[in-house]
Structures are given as structure tokens and as C-alpha cells.
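Take any residue in the sequence shown, count from 1 to its spot, add 57: that is its number in this note's numbering. Report on one structure; see the data block that follows.
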Amino acid sequence: MLSRRLLIEFIGKLDEGLISAKDKYKSEMHRHYTIFSCLELSFQSLSLELQDVIIKLSIFHSYFLPELAAAVLGNQPLFDSYEFMGIIMDIGTPAEAETAIYKKRNTDWTFGDETFYQCMDMLWQRGLLTQEIISENDSQGTSNVILYNFLPTVHSYLESKFNLDESSKKNLQIRFGEAYAVFARMLASELKLSPVKVKIFEKCKFDLDRGLEFTAGRIRIDYLIGLSYFKSLSNENEKSMKYAQEARELTENLYRNTDDKNENKRGIADFKVVLNAEAMGHLDSGNSEKAMEAFYRLLTISENDCDNYAQAHTWNNIGNIHRMTGNLKDALGSIKKALALYEKEKDRLGEAETLNSLGLIYLTGFGNEKKALKYFKKALKALNRKSSKTFNNDDNKSIRGTILNNLGESFRQLGKYQNALEFFEKALSIFHEIKDTQEPMTLNNLAIVNESLCNISKAKQYYDQALYVSQQVGNKDVEAAVYVAMTFHEPVEYREELFLKAYKIFNQYGKVAFEASTLASLAAHQYEIGRTQEAKESIIKAIEVMKKNHLPQDGSGVPLKQYEDFLQNIA
């Protein structure tokens, strides 16, 4: 806090600066000369250490965490540093843990006579940085994360007045790339289950993308893997695939050109992660053939590496692709292989996931709801048994919620709507507690059940909630699905608009199988209301999507031949 005397002196200097600014700042970029004058005075009032800090901080072009800034400006190793990884993972933890972490960092991170947090706070108080606090309440307490950013004029002022020498600039860029590589990899691993980290990701997105240009080698591979997962979660499938494929090429070169055993081991581990990311990217884009190719390559490497966990995970994914493409016998065989491996390793979470997958085969494939129920109940029991592998409690809750949701769907298909409501509500409670992105899907299911019970007003409430939550958490798949579901109870004149909204989302995010099914549903609606020519155009467009992407069936499991038969019937 400034004393009265110092405050008067500061105001006097500010007045003098503003008067002289008219003659000092005359170029086009100085049209806000009063702001530049104020910034200059604020800068000159800083200690030399703080001046150095803010000049270097100008490497950031979007919101940034003080922890990342301290890492970039420091001189400790970052890549493969478990301490730094731990710091990134701890960001956004509830209050008690956060206080302990804060105290430790406040002690360890110093710049001159000040801790780094004090430095950031001073720069914010001087108006040289902006500040935003992200808060989130959950069952474990309140999470608070502070983000900082520059006003555009501060960035302009610093860049016009100060230039780092090439060596310092290069070093800063390398550390910037390293810090964001770790940040991307660590953040991607928790993004699905952490709403705080989702918000951090959105705020830091520009620099997350930009940091890649300052990386090479293994650091770049880690960065690309993290970005690939980010883009997949953001439904940017084309970018996700681009990053995954570059990571694979780099990893293949690293893996192939080294005789060092440790480097070779690391190369194999990276290659498995990259292939999984690439396969999931193909799957998200609706290209099951390419996804299968990547998964089988991953399986071969995992078998050679005697990695039972990776084999089990991959067999489960292969089985789920077979299920989605109607190859039910192959699906059962693949998932049973996964189950045997998880049982061998006493990995109960993996067991639960594969038992859930087996339940889905009987539910969505064979239409055997009673057998599906048995597998879903077995999956719940597996979660309650002791596991050899520790796992995140939210992961446990997430798969538990998924199984409960599938139990609800089984009862819905059996016509036992009260049982369905009970399990959907249990699933919803879990998803809401952990802020899981599956929450809107369960709200949508509750709407469908209430529709079946003729509780139309309640169904509409659930649809509205599902739509709102899906938009909040960025679950575009569910948002589009809700638009389609709403066509069944909205007046006829609104249905086409809803189909088109769903189509736009599926088209934008590369969900080609559902793009085709939405176009087919639109065609059926147009034909039903007597607009035959438009129905023809829509079904032809759907057929083109199917053929272009080599899809044997659409997102609802309808084969291409059924599309062609429909076109022939209305021609």
C-alpha cells in the first residue's frame, strides 16, 4: 500500500508523463498515447527484477498459469521432471491440498526478494497484467485457479520498447515449448473429468497451439500426443489426426534409429500411445477400417512388448468396433480376450469396462436385454472387488455411472420404465457429481423414458436440460442427438430445423456415420409430409456420405442397401 506522500509523488509523475506524452508518442501505433505514458510510468516504478520478469512474460500471448510462467522463466529442467508434472496435475485441486501446494511454491519460487506469486500480484496491481479466477465447487471442496493475461496495449508497449538478445529469446522459447508440452500431456489425461481444467484449456488454447513451434524430438512427440487428445475431445477430428500422424512418424524415426535400450523402451511406449491416439481419431471420424488397422498394429507391438494392459485395452476397442459394425461374433471373441487379460492382471476397472462392453453387444447387437442385464450387473460387482491396480476415484465413478446408465437402457428396452428411471437417476447423480461429459446423455435418456410414460412436460424439461448441459460441457454428440430426439415431440413445422441443426454439428465435427443417419431421418420426414423431391435430394446426399467414407452402415446401424432401397421406392 502506498503512503500518502508516495501517492502524491506518483500522481505528480503521472501528470508530468501525460503532458510530455503528446510530444513523445506520435506514430500511428501510439494513438493511445496516454495509455503508453501510464504504462511507461508503471514499468519504471518496478524493481529491476520485476522489469525483467514482465519483459520475459511477454512470450505469452493468451491467458497463462503462474506455475507455467515460473517454469518458463526459471532454470530448472522441465521435461521428464516429476516435480513439474506433479505441479501441473495438482492445479485446480480443492482448497486444503491447494493451500499446501501454494505454501511450498511460495517458499521455493523466488525472483529477487519476492516469491513468484508476489511478483505476479504486484504486476497485476500495477495494471500491467489482468487476472481471472476460475472457481469450481464439487464434493471434495472448492477449486480456485488464477490465470493472468496481458492487455493488448501492454504487449504492444513491451514489444516496441524492449528486445531480448537472440540467445535469451531462443532459450525462453525452448522452455516455453517444454513447459507447454508437459502441460498439454498432463492436462489431456484429466480433461474429461475436470471442469476446471476444461476452462483452463479454453483460456490457454492459443498458446497451447503456439508452443508446438518451439519443440523438437521427444518433447515434440509428447506435445503432439497431448494436442491430438485435446483436438479429439474438442471434436476437431481433422486436426487430431494430423497431430497423431506427425507424432507417429517422429516416433517411428526415433524408435528405428536408436541403439540405446532406455531410448528404445521409451520409443516403444510413445509409439503405443501414438497409435492409440491415431486409432481413436479415425474412430471419432467414423472410419472404422483405418481405426482397426491402427489398433492391430498397436496389438502386435503390445504382444511383442508383453504388455497385457495395452493388449487388453486394444482388444476391447477392437471388439467395440466389431460391435458397432455388426460383426457380433468377432466382437464377442475380441472382448473375451480382453476380459481374460484383465482378470489375469486383477485389474477390476478393466474387467468392469469389458463386462460392460459384453453387455452392450447383447443389448445393441443381439437385442437380448436379459443377458445384457447379467453382464452389466457383473460389471458393477467387478468394481467392488479388490484391484491390483490403483485408479483415480473419478474413473471408478465414471465407469460406474456408465454401467448404471446401460442398466437403465436395458430396462427401458424391456418396457420396465420405472426400473429404467431408477438406474438413469443413479447414473445422473454420479455424472453430475463428477461433472462427467456423459451427464447430458443420461438426461436425454430420462427424457425418452418420460416420453414413453406420456409425461410429455417432464420429458421436455429433461430435453431442455440435456441440451443446455451438452452445450456447457461441449458434448456435441449429445447436443446433436438431443436435436434429433426432440423431433419426435415437437410440432411438424419445427422438425426440419432440428434435423438440420443436428446435421450441421455432425458435419462440422466429422461424425460422418451420424451425418448420414441424420440426413436419412430428414429424408423420411420430408417424404412423410409430401416433399418427395427434397426427400430424394437428402437421401442421395446421405448415400454419397456413406460411399465416400466407405461406411457399411450409418450411426444407427442402418446398412447402405436400406438407403438405396428407400431411394428406389420414392423415385
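Glycine residues also receive a C-beta, built at the ideal position from the N, C-alpha and C atoms. Fair warning: this is a prediction, and the values are worked out from it, not measured in the lab.
Report yes if the CB atom of residue i is closer than 8 Å to the CB atom of residue j, and no otherwise.
i	j	result
T382	S359	no
A29	I505	Because the chain spans 58 through 628 in this model, residue 29 falls outside it and cannot be assessed.
V129	F233	yes
Y300	L311	no
A439	R469	no
T371	L389	no
N373	A395	yes
L229	I116	yes
L98	C176	no
F480	L461	yes
N453	F433	no
Y560	L579	yes
L420	N463	yes
T187	L208	yes
N365	E402	yes
G343	K558	no
V530	N501	no
Can you list, in chain order, the residues of its chain whose CB lies under 7 Å from that of residue i, leaving out five sequence neighbours each side?
i	result
D279	A238, R242
V211	L96, L185
I597	L624
Y399	A369, G407, E408, T411
V549	I586
N507	K515, A516, Y519
G458	A484, I487, F488, D493, Q495
M603	A573, D611, L617, Y620
E303	L281
Q528	E536
S595	L576, L579, A580, Q583
A592	A580, Q583, Y584, I627
C363	none
I562	K533, E536, A537
Take residue i and list the residues in its own chain whose beta-carbon comes closer than 6 Å to its own, dropping the five residues that flank it on each side.
i	result
A154	Low local confidence applies: a pLDDT of 39 at A154 is under 50, so the model's placement there is unreliable, with the coordinate-based value given in what follows. Within the same chain, A154 has no close Cβ partners at all.
A236	L125, A128, V129, L135
L339	In the sequence as displayed, the identity of residue 339 is His instead of Leu. Correct list, in chain order: K347, A348.
K296	K288
K160	Legend: pLDDT at K160 = 45, less than 50; position of this residue unreliable, value from coordinates given subsequently. Correct list: empty, nothing qualifies.
T156	Confidence at T156 is low in this model, with a pLDDT of 41, below 50, so its placement is unreliable and no value can be given for it.
V615	none
N564	E572
D622	none
L269	Y280
What are the boundary residues of the alpha helix (DSSP H) that residue i is part of?
i	result
A580	569-585
P616	Looking at the DSSP string, P616 is not in any alpha helix (DSSP H), and its letter there is neither H nor E.
F352	345-361
F630	Absent from the structure is residue 630, since the part of the chain shown begins at 58 and ends at 628.
D521	513-530
P209	209-218
P497	496-509
N384	Note, N384: premise wrong, no alpha helix (DSSP H); not H, not E.
A436	426-441
F556	549-565
R405	405-417
K113	105-114
K604	589-605
I491	From DSSP, I491 is part of no alpha helix (DSSP H); its letter is neither H nor E.
D222	Per DSSP, D222 belongs to no alpha helix (DSSP H) and is neither H nor E.
E124	123-130
D611	Here D611 belongs to no alpha helix (DSSP H), and DSSP marks it neither H nor E.
Closest by CA to residue i, which one among the options?
i	options	result
F571	G458, N606, G465, K401	N606
L332	W181, M298, K483	M298
R183	I282, T589, D222, Q101	Q101
G424	I456, P497, L471	L471
V526	E547, N512, M498	M498
L54	Y214, I190, S192, G274	Given that the chain is displayed from residue 58 to residue 628, the structure contains no residue 54 and the question cannot be resolved.
S192	E223, M179, K254	K254
R323	K262, E309, A477	E309
Y286	I513, E306, L265, E270	L265
I456	Y540, A436, K473	A436
G465	E223, N441, L430, S225	L430
F258	F121, T544, S224	F121
By Cβ distance below 8 Å, which residues in the same chain neighbour residue i in space, the five residues on each side in sequence not counted?
i	result
P123	F173, Y174, M177, I203, Y205
N377	A388, I392, S414, L417
A305	In the sequence under discussion, the amino acid at residue 305 is Arg, which differs from the Ala named in the question. Contacts found: F328, V331, L332, E335.
I112	L215, F219, L221
Q | the segment 476-494 / the segment 518-525 touching (three or more Cβ pairs under 8 Å) | A | Contact between the segment 476-494 and the segment 518-525 is absent, with fewer than three C-beta pairs closer than 8 Å.
Q.
When you compare the segment 605-624 with the segment 568-575, are there three or more beta-carbon pairs, one atom per stretch, that lie closer than 8 Å?
A. In short, these stretches touch, since the Cβ pair count reaches three.
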